[in-house]
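When we follow UniProt numbering, the leftmost residue of the sequence shown carries the number 1, and every step to the right adds one.
Heads up, the thing below is written out as structure tokens.
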Amino acid sequence: MAIQPIRLFGDPVLRTPAEPVVDFDKELRKLVKDLTDTMMDAPGAGLAAPQIGVGLRVFTYYVDEQLGHLINPDLDLSDELDEEGEEGCLSFPGLAFPTPRAIRAVAKGFDMHGEPITLEGTDLMARCFQHETDHLDGVLFIDRMDAKQRKLAMKAVREAEWSGLSAPAVKLSPHATHGRAL
Ligand SMILES: [Zn+2]
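Okay, structure coming up:
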């Protein structure tokens with residue numbers, strides 16, 4: 001097990017676009033393992049490398065008892081949206097808000113051995129692929145909300161006990177996210 005501290009909103013690494021993976025080596029396999037262990041420990045439904053301070057285009061997911069990872073993802077999204085689905089983020093512990101997302105996503109990329117893979121997801125899985133790929137672009141779920149919802153979310157963020165603590169040493173609550181945070 002190699003559980004890493006999860007970076008919280010306010011940490012600049014979460015706003016920094018991640019670099020594509022070029023070397024599918026032992027270091028990359030360790031990163032996938034660290035992400036998986038950290039996500040399962042939280043617990044969360046997804047985790048992107050920048051959330052543990054690594055600027056590479058890698059994420060892991062655990063949705064509907066399906067565990068996996070994707071490297072250098074490229075998404076193709078349905079036009080149909082789920083406007084009301086609640087979404088959380090492990091970098092915003094304990095908070096969840098309605099966030100519009102495409103209902104279906106096809107995610108192309110690579111596994112940790114460099115083999116091309118295509119994943120298809122609907123509902124929470126599709127939401128997860130979009131949320132995690134956004135993390136790799138320095139985009140956060142608050143950016144996907146309409147102005148009114150974002151205002152409510154930012155008020156909750158300011159009032160959260162972890163607000164202003166961007167240090168990686170903060171351990172988040174394993175309870176409040178109901179295992180759905182990303
Ligand atoms: Zn997140």
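Cβ coordinates follow ideal geometry from the N, Cα and C atoms, glycine included.
Those residues that bring their Cβ nearer than 5 Å to a heavy atom of ligand 1 are C89, L182. Looking at the DSSP output, K108 sits in a beta bridge with D74, T118.
Judged by DSSP secondary structure, A48 falls outside any alpha helix (DSSP H) and instead within the beta strand (DSSP E) spanning 46 to 48. Beta-bridge partners of F59 (DSSP): A48, L70.
R101 sits in a strand when the DSSP states are folded into three classes. Under DSSP, the beta-bridge partners assigned to L81 are A102. Nearest C-alpha to E19 among F59, P100, P93: F59. Just measuring C-alpha positions, the residue of G109, E132, M145 sitting nearest T99 is M145. Here the C-alpha atom of D25 lies approximately 18 Å from the C-alpha atom of A2.
One Cα belongs to A160, the other to L152, and the distance between them is close to 12 Å. In the DSSP assignment, E86 falls within the beta strand (DSSP E) that extends over 86 to 88.
Here the stretch 80 to 94 lies against the stretch 125 to 138, with 3 or more beta-carbon pairs under 8 Å apart. The criterion of a C-beta distance shorter than 8 Å is satisfied by L70 and A107. For M145, there is no enclosing alpha helix (DSSP H), since its DSSP letter is neither H nor E. Look at A18 here: in three-state DSSP terms it is coil, with no helix or strand label.
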